[in-house]
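**Q**
The structure is reproduced here in structure tokens:
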């Protein structure tokens, strides 16, 4: 396991971190995005998705639960589990089929269904530090290690 901490002084820094991450995504990568409400999870996801070349609006999937973005090399699945009231909702929704060896998957609020989710390649936790944020990035797999090595 590797860990990296990055200070994010403003929204642009969060979008830039997303851009840096997007340059190192590989097929099948699973990324958990954790943090309190307003910590910047969706902003980070927006930075990743926009940097991959998506030109439309990137919205939080809080109500739709999932947004998919098609790219030449993979599909990116963006989940937001904030509204889940039971971990079983992940299993009963059939969403587990989206975690595979060819799609990239971002999951906001993974703790809402932790018992049904596989271990992520990367976990990014955003926390408040005064007016800034701290991004703590942990890798749990070889794919995650390669991504985090390229960020440091």
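Residue numbers (the working numbering): 13 to 164.
Built from N, CA and C at the ideal position, the CB exists for glycine as well.
Looking only at its chain, what residues have a beta carbon closer than 8 Å to the beta carbon of residue 80, apart from the 5 residues adjacent to it on each side?
**A** Counting only Cβ-Cβ distances below 8 Å, and skipping sequence neighbours, we find 87, 88, 89 and 90.
**Q** Could you give the first and the last residue of the continuous beta strand (DSSP E) run that contains residue 92?
**A** Residue 92 -> beta strand (DSSP E) spans 87-92.
**Q** Spell out the partners DSSP gives residue 119 in its beta bridges.
**A** According to DSSP, residue 119 bridges with 44 and 91.
**Q** Using only CA atoms, which one of 143, 34 and 155 lies nearest to residue 132?
**A** Comparing Cα-Cα distances from residue 132 to each of 143, 34 and 155, the minimum goes to 155.
**Q** Reducing DSSP to helix, strand and coil, say where residue 131 ends up.
**A** Three-state result, residue 131: coil.
**Q** Reducing DSSP to helix, strand and coil, say where residue 110 ends up.
**A** Three-state result, residue 110: helix.
**Q** Under the assumption that residue 114 contacts residue 161 (Cβ atoms under 8 Å), give the Cβ distance between them as a whole number of angstroms.
**A** Between residue 161 and residue 114 the Cβ distance is about 23 Å, and since that is not below 8 Å, they are no contact.
**Q** Comparing alpha-carbon positions, which option in 85, 127, 83 and 121 lies nearest residue 103?
**A** Answer by Cα proximity: 127.
**Q** Beta-carbon separation of residue 135 and residue 152 under 8 Å?
**A** Yes; because the gap between Cβ atoms is below 8 Å, this pair is in contact.
**Q** Find the nearest neighbour of residue 92 within the set 33, 44, 148 and 138, judged by alpha-carbon distance.
**A** Taking only the C-alpha atoms, the option nearest residue 92 is 44.
**Q** Within 10 angstroms of its Cβ, does residue 85 collect 16 or more other Cβ (buried), or is it exposed?
**A** Residue 85 comes out exposed.
**Q** With DSSP as the reference, please indicate the residues paired to residue 172 in a beta bridge.
**A** This structure cannot settle anything about residue 172, because the visible part of the chain is limited to 13 through 164.
**Q** Should the region 138-149 be called in touch with the region 13-20, which here means at least 3 C-beta pairs below 8 Å?
**A** Touching, per the Cβ criterion.
**Q** Please work out which residues of its chain come closer than 6 Å, Cβ to Cβ, to residue 54, disregarding the five sequence neighbours upstream and downstream, and give them in chain order.
**A** Cβ neighbours of residue 54 beyond the five flanking positions: 72.
**Q** For residue 124, is the classification buried or exposed, using 16 other Cβ atoms within 10 angstroms of its Cβ as the cut-off for buried?
**A** The residue is buried, with at least 16 neighbouring Cβ atoms inside 10 Å.
**Q** Mind checking which residues open and close the beta strand (DSSP E) that includes residue 39?
**A** Neither: residue 39 is in no beta strand (DSSP E) and is coded neither H nor E.
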